[in-house]
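Visitor: Submitted below is the structure of interest, expressed as structure tokens.
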Amino acid sequence: MLKSERHQDNSSQGALAPNLAALNDRQLADLLPREQDFPASWTVSEIKQLSDTFGYFRYHVDDEGLGINPVECFSVLGVASTGAFDAAEVFGHDRADPPEVAARRDIRLMIGREFDSAGFDAFTSQVSRCLQFSSAAAGSYTVRILEDTRTGGGPQRFRYSVTTTVGTDPSDETRIDYYSYARTSGLILTGAASTGHQQPFDALFDSTLNRIVDR
């Protein structure tokens, strides 16, 4: 079971936060990809909070019946607190997907204001502790860290993939999901992609991060 805890500060006095986090939700949403940036055949949707909120959102995992072992590794599967409050989201679905995943978000990007300067590093450390873990429901998970960069003055980036094996034998059915995170100028950019969509995902994430840096 997931429980969430949300705190909001909608104060209209002064800037919401330092650096680019002071931009309002509409301005932050404008930094995300547009429909025309996705592959032409895709269905694209967006979520804009437009509440100009600064606060925090944190997941609590309190039901070990989910079968994740160790339980802290649940966050590695895209339900992570990185120290940001999301302001806007865009996601796309590849209509060439099979019918059983017709509602899947094949590429998803979110932009949020950072509220906890230690949250990003805490998350990357957590992923590094969860390179192999298991689930009673799905089988096993293997994490591969693709990038962990901390350039002076530039964005801090973290990318990894998760290979899910449904069953106990390595030859059983597998899928690979991709996750990307970047921290810069008081913002955190978060992204995820499903199997077979890494290339367009990387391109969309990189172009979005470049827009943020240029802003």
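For the sequence shown, counting from 1, position 110 maps to 1481 in our numbering; every step adds exactly one.
Positions of the beta carbon are idealized from the N, C-alpha and C atoms, including for glycine.
Which of the three DSSP states is assigned to LEU1560 in this structure?
Guide: strand
Visitor: Does the beta-carbon of ILE1516 have 16 or more other beta-carbons within 10 angstroms, so that it is buried, or is it exposed?
Guide: exposed
Visitor: I need the DSSP call for SER1499, collapsed to helix, strand or coil.
Guide: helix
Visitor: Report yes or no: do the stretch 1565-1575 and the stretch 1474-1488 share at least 3 C-beta pairs separated by less than 8 Å?
Guide: yes
Visitor: Measuring CA to CA, which of ARG1484, PHE1491, THR1414 is closest to ALA1393?
Guide: Restricting attention to ARG1484, PHE1491, THR1414, the CA atom closest to the CA of ALA1393 is found in ARG1484.
Visitor: Helix or strand or just coil, what does DSSP make of ASN1395?
Guide: ASN1395 carries a coil assignment under DSSP once its states are collapsed to helix, strand and coil.
Visitor: Measuring alpha carbon to alpha carbon, tell me which of GLU1471, TYR1531, GLY1510, GLU1518 ends up nearest THR1545.
Guide: Ranked by Cα distance from THR1545, the options GLU1471, TYR1531, GLY1510, GLU1518 are led by GLY1510.
Visitor: If you reduce the DSSP assignment to three classes, tell me which class ARG1475 lands in.
Guide: coil
Visitor: Taking the continuous alpha helix (DSSP H) assigned at THR1566, which residues delimit it?
Guide: Neither: THR1566 is in no alpha helix (DSSP H) and is coded neither H nor E.
Visitor: Please find out if some non-hydrogen atom of the ligand PLP comes closer than 7 Å to the beta-carbon of THR1536.
Guide: As for the ligand PLP, it is missing from this structure, which has no ligand bound.
Visitor: Comparing C-alpha positions only, which one of LYS1419, ALA1411, GLN1527 sits nearest to LEU1560?
Guide: GLN1527
Visitor: What does ALA1458 pair with, by DSSP beta-bridge criteria?
Guide: According to DSSP, which records beta bridges pairwise, ALA1458 is partnered with nothing at all.
Visitor: Suppose the cutoff is 8 Å on Cβ atoms and the five residues either side in sequence are ignored; what does the same chain contact list for SER1578 look like?
Guide: Shown here for SER1578: same chain residues with a beta carbon closer than 8 Å to its own, the five before and five after excluded, namely PRO1404, ASP1408 in chain order.
Visitor: Classify GLY1490 as buried or exposed, calling it buried when 16 or more other Cβ atoms lie within 10 Å of its own Cβ.
Guide: Taking every protein chain shown into account, the CB of GLY1490 has 16 or more other CB atoms within 10 angstroms, so this residue is buried.
Visitor: Classify ASP1396: buried if its beta carbon has 16 or more other beta carbons within 10 angstroms, exposed otherwise.
Guide: buried
Visitor: Under 8 Å by Cβ, that's how I've got ALA1459 and LYS1419 pegged, so tell me the actual separation to the nearest angstrom.
Guide: 5 Å
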